[in-house]
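Let me begin by presenting the structure, written as structure tokens, before commenting on it.
Okay, here's the thing in structure tokens:
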């Protein structure tokens, strides 16, 4: 019988030696009774060198928690799992994942502790490196956010100063400009008999140039004013806005005998109604104006529902725009044909600024000589119960 028990113990010990983990058996005083090959490889001591020694003294065990607390939990639960720091034979510290199981005899008395240890030093270092990297990243993100906030505030202040200067200059320039217009009108009206035909033509050109300059300054002041304007976004009925635009442009439409096509449905959008009305008026006005001589304007307005937004198209059969100019036309005072078509070239700049103020986008698809398809894109309307929001 004794031989059979010894053979069974030897077989169990052989199986434990096959494990890559360090497996140790301690008595109730924490003296080492069994030390497998995995423990020899991990710590550097042979079984003969450690049997009988107190484990936590040999391994210089350290924990982030009091060892007494770990012992209490082991007694209460019969098992404990956690991380400890041990020292190897060469003094090198390692982090191990320890699993302890308490063995009791038939009377309930603790007789042995089975411990298995897995080296997690590299994993722990990697996790610490990740935590450190995340901390650095969070610090950098905070610094970057602060820099962006500061830079945004500086740019906002700079833009406000620039807009104030532009507005002031435009306002101040109008006084001498009005004088120029007045004197040119006097020359034409009161001194026309004393002027030659070329002189009257020169005076007329001075008056026209002054009027055009006055229109430029008016548009510049309006553009600057719109840039500073605070708009409130609400749920806006596209059907109402399109109807208002067509009603307000009845005279222009009749003057060119234009054919207007408006096809619904018209979903509600998140917008500022006066700004959206002005945007669609500008786009419709351009569609009526920029047409080849002798061609009846055909203007189509329609809405297209997308995942999170509504795209409104204003399509025409006009001149079309070369690809080289399709981005430039949204800049202030850009005119593609200064001789044939009146205007200051500010209309599309107002369109882009207005759409940007409402958090939308604007673009154009066009082929020279085949008309243009302008589009604006705005967020879908929120539920009717939602209140308005402000956009600066």
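Residue numbers (the working numbering): 929 to 1320. From the three backbone atoms N, C-alpha and C, an ideal C-beta is built for every residue, glycine too. From a predicted model like this one, the values you see are computed outputs, not experimental measurements.
Return helix, strand or coil for residue i, following the three-state DSSP convention.
i, result
"residue 957", "coil"
"residue 1314", "Bear in mind that the predicted position of residue 1314 carries a pLDDT of just 41, short of 50, making it too unreliable to give a figure here."
"residue 950", "strand"
"residue 1291", "strand"
"residue 1306", "strand"
"residue 1221", "coil"
"residue 1063", "helix"
"residue 1175", "helix"
"residue 1250", "coil"
"residue 1259", "coil"
"residue 1124", "coil"
"residue 1096", "helix"
"residue 1300", "strand"
"residue 1048", "coil"
"residue 1018", "coil"
"residue 1207", "helix"
"residue 1184", "coil"
"residue 933", "Because residue 933 carries a pLDDT of 45, less than 50, the predicted location of this residue cannot be relied on, and the following value inherits that uncertainty. Reduced to three states, the DSSP call for residue 933 is helix."
Since residue i and residue j should fall inside the 8 Å C-beta cutoff, what is the C-beta to C-beta distance between them, to a whole number of angstroms?
i, j, result
"residue 1216", "residue 1180", "6 Å"
"residue 890", "residue 1184", "A query on residue 890 cannot be resolved here, the shown segment of the chain reaching from 929 to 1320 and no further."
"residue 1029", "residue 1012", "Incorrect: roughly 15 Å between the Cβ atoms, too far for contact."
"residue 1227", "residue 1186", "6 Å"
"residue 1248", "residue 1297", "5 Å"
"residue 1116", "residue 1131", "5 Å"
"residue 1015", "residue 987", "6 Å"
"residue 1231", "residue 1195", "6 Å"
Under DSSP, the alpha helix (DSSP H) around residue i begins and ends at which residues?
i, result
"residue 965", "965-971"
"residue 1229", "It is not in any alpha helix (DSSP H) - residue 1229 instead sits in the beta strand (DSSP E) that spans 1226-1233."
"residue 983", "983-986"
"residue 1191", "Premise fails: residue 1191 lies in the beta strand (DSSP E), 1187-1191, not in any alpha helix (DSSP H)."
"residue 978", "975-978"
Could you tell me which residues DSSP pairs with residue i in its beta bridges?
i, result
"residue 1028", "1008, 1043"
"residue 1196", "1165"
"residue 962", "953"
"residue 1068", "Paired residues: none, contrary to the question."
"residue 1013", "990, 1023"
"residue 1138", "Beta-bridge pairing links residue 1138 to no other residue."
"residue 1038", "1032"
Classify residue i as buried or exposed, calling it buried when 16 or more other Cβ atoms lie within 10 Å of its own Cβ.
i, result
"residue 1246", "buried"
"residue 1039", "exposed"
"residue 997", "exposed"
"residue 1093", "exposed"
"residue 1332", "Residue 1332 cannot be examined here, being either before or after the span of the chain that is shown, 929 to 1320."
"residue 944", "buried"
"residue 1285", "buried"
"residue 1047", "buried"
"residue 1244", "buried"
"residue 1299", "buried"
"residue 1306", "buried"
"residue 1177", "buried"
"residue 1088", "exposed"
"residue 1044", "buried"
"residue 1199", "buried"
"residue 1309", "buried"
"residue 1209", "buried"
"residue 1315", "Residue confidence for residue 1315 is low, a pLDDT of 44 falling below 50, so the modelled location carries little weight and cannot support an answer."
"residue 1084", "exposed"
"residue 969", "exposed"
"residue 1304", "buried"
"residue 1219", "buried"
"residue 934", "Note that residue 934 scores 48 on pLDDT, short of 50, meaning its location in the model is unreliable and no value can be drawn from it."
What residue range is occupied by the uninterrupted beta strand (DSSP E) comprising residue i?
i, result
"residue 1275", "That residue, residue 1275, is in no beta strand (DSSP E); its alpha helix (DSSP H) goes 1275-1285."
"residue 1238", "1237-1244"
Chain B beta carbons: is any one of them nearer than 9 Å to that of residue i?
i, result
"residue 1303", "This model lacks chain B altogether; it includes just one protein chain."
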